[in-house]
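Visitor: Heads up: the sequence shown runs through residues 576 to 740, numbered per our numbering. Cβ atoms here follow ideal geometry from the backbone N, Cα and C, with glycine treated the same way. Here the structure is a predicted model, which means the values were calculated and not measured. One structure, pasted below without further comment.
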Amino acid sequence: GHRVPLLANIGGPSDVAAAIEAGAEGVGLFRTEFLYLDDSERAPSVEQQTEVYRSVLEAFPDRRVVVRVLDAGADKPLAFLHPSEEPNPALGVRGLRALLDRPEVLRDQLTALARAADGLPVHLEVMAPMVADRADARAFAEACRAAGLHAKSGAMVEIPAAALR
Numbered sequence: 576g577h578r579v580p581l582l583a584n585i586g587g588p589s590d591v592a593a594a595i596e597a598g599a600e601g602v603g604l605f606r607t608e609f610l611y612l613d614d615s616e617r618a619p620s621v622e623q624q625t626e627v628y629r630s631v632l633e634a635f636p637d638r639r640v641v642v643r644v645l646d647a648g649a650d651k652p653l654a655f656l657h658p659s660e661e662p663n664p665a666l667g668v669r670g671l672r673a674l675l676d677r678p679e680v681l682r683d684q685l686t687a688l689a690r691a692a693d694g695l696p697v698h699l700e701v702m703a704p705m706v707a708d709r710a711d712a713r714a715f716a717e718a719c720r721a722a723g724l725h726a727k728s729g730a731m732v733e734i735p736a737a738a739l740r
């Protein structure tokens with residue numbers, strides 16, 4: 576047979592103990608939105624994010640941890656992203672494209688992840704939400720490099736067009 580690792584789906588540090596208790600061998604999806612929901616007027620600082628990310632990464636030494644960057648937009652409005660009015664929020668600007676419209680928010684999150692992982696024996700991977708095409712994927716990979724993040728980067732394929740390209 577082929578061994579398949581059990582990876583947890585977490586929303587923050589409060590989920591780590593339950594994931595470990597359940598036998599998780601790492602994290603397959605760390606949803607970072609919880610960090611941004613306490614204060615929708617401003618993004619958390621790089622220092623605040625670094626502290627939270629490091630606490631999660633430290634819990635999984637030598638393990639895989641896949642972090643999805645902020646997935647927000649018209650469907651999950653945050654005032655600091657300045658979302659536009661959308662008749663159908665599910666179809667509006669969201670995910671990576673919302674972050675590319677506010678590059679400092681993406682840069683700060685990637686910088687915090689790079690700092691959090693620095694010196695830790697962890698297999699960090701980062702994933703962008705709502706990637707539609709190669710140009711989006713390239714922009715995300717470039718943002719990761721620019722932030723000094725030495726981790727695998729990838730895309731969460733959620734848009735039918737992305738799966739067909």
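Once the 5 residues before and after residue 729 are set aside, which same chain residues still bring their CB inside 7 Å of it?
Guide: Within the same chain, residue 729 has close Cβ partners 700, 702.
Visitor: Is the beta carbon of residue 591 sitting closer than 7 Å to the one on residue 632?
Guide: Their beta carbons are not under 7 Å apart, which means residue 591 does not touch residue 632 by this criterion.
Visitor: Classify residue 721 as buried or exposed, calling it buried when 16 or more other Cβ atoms lie within 10 Å of its own Cβ.
Guide: By the neighbour-count rule (16 or more Cβ atoms within 10 Å), residue 721 is not buried but exposed.
Visitor: What does the alpha-carbon distance come out to for the pair residue 620 and residue 739?
Guide: Their Cα atoms are separated by approximately 37 Å.
Visitor: Under the three-state reduction of DSSP, which class applies to residue 680: helix, strand or coil?
Guide: If DSSP states are grouped into helix, strand and coil, residue 680 belongs with the helices.
Visitor: Along the alpha helix (DSSP H) that carries residue 715, what are the first and last residues, could you check?
Guide: Residues 709-721.
Visitor: DSSP puts residue 585 in a beta bridge; with which residues?
Guide: Partner(s): 605.
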